[in-house]
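In this note's numbering, the protein residues as written are 10 to 119.
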């Protein structure tokens, strides 16, 4: 599986995790994903905005227009209560999945 395919399947929980900390605007999200992954994820706008719009349509995030510290009017995205619930569900799924994969990979290395 390619890195691109892995990112595609992980985009929603990554975005929800970031937005669970504070509302962010698009470019800020892109920078934060790259920074926190030590450059591993280099998400593009063509991936980000469709994902944000889908999350918004599903009621998991809310888009809010407001002034940024720079004075520019930007659309910020904030996680909703439903989004927090989905994030917790995805975290549990991720931890169970990654634990199972690690058990198999670690055992096969012996």
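All residues carry an ideal CB built from backbone N, CA and C; glycine is no exception. Small disclaimer: the values here were computed from a predicted structure and weren't measured.
(Q) Do residue 93 and residue 138 count as a contact pair if the criterion is CB distance below 8 Å? (A) With the chain running from 10 to 119 in the structure shown, residue 138 is simply not present.
Q: Would you mind sorting residue 38 into buried or exposed? The rule is 16 or more other CB atoms within 10 Å of its CB.
A: On the chain shown, position 29 is the one that residue 38 refers to. Here residue 38 is buried: its Cβ has 16 or more other Cβ atoms, across all protein chains shown, within 10 Å.
Q) Got a sec, what are the start and stop residues for the beta strand (DSSP E) residue 73 sits in? A) Along the chain shown, read from residue 1 onward, the residue named residue 73 stands at position 64. Counting along the chain, the unbroken beta strand (DSSP E) around residue 73 starts and ends at 70 to 76.
Q: Return helix, strand or coil for residue 83, following the three-state DSSP convention.
A: Working through the chain shown from its first residue, we reach residue 83 at position 74. Look at residue 83 here: in three-state DSSP terms it is strand.
Q | DSSP bridge partner residues for residue 34 (one or two, in chain order) | A | Position 25 of the chain shown, counting from 1, holds the residue named residue 34. DSSP output for residue 34 lists 85 as bridge partner(s).
Q) residue 90 by DSSP, collapsed to three states: which one? A) One-based indexing of the chain shown puts residue 90 at position 81. Residue state, collapsed to three classes: helix.
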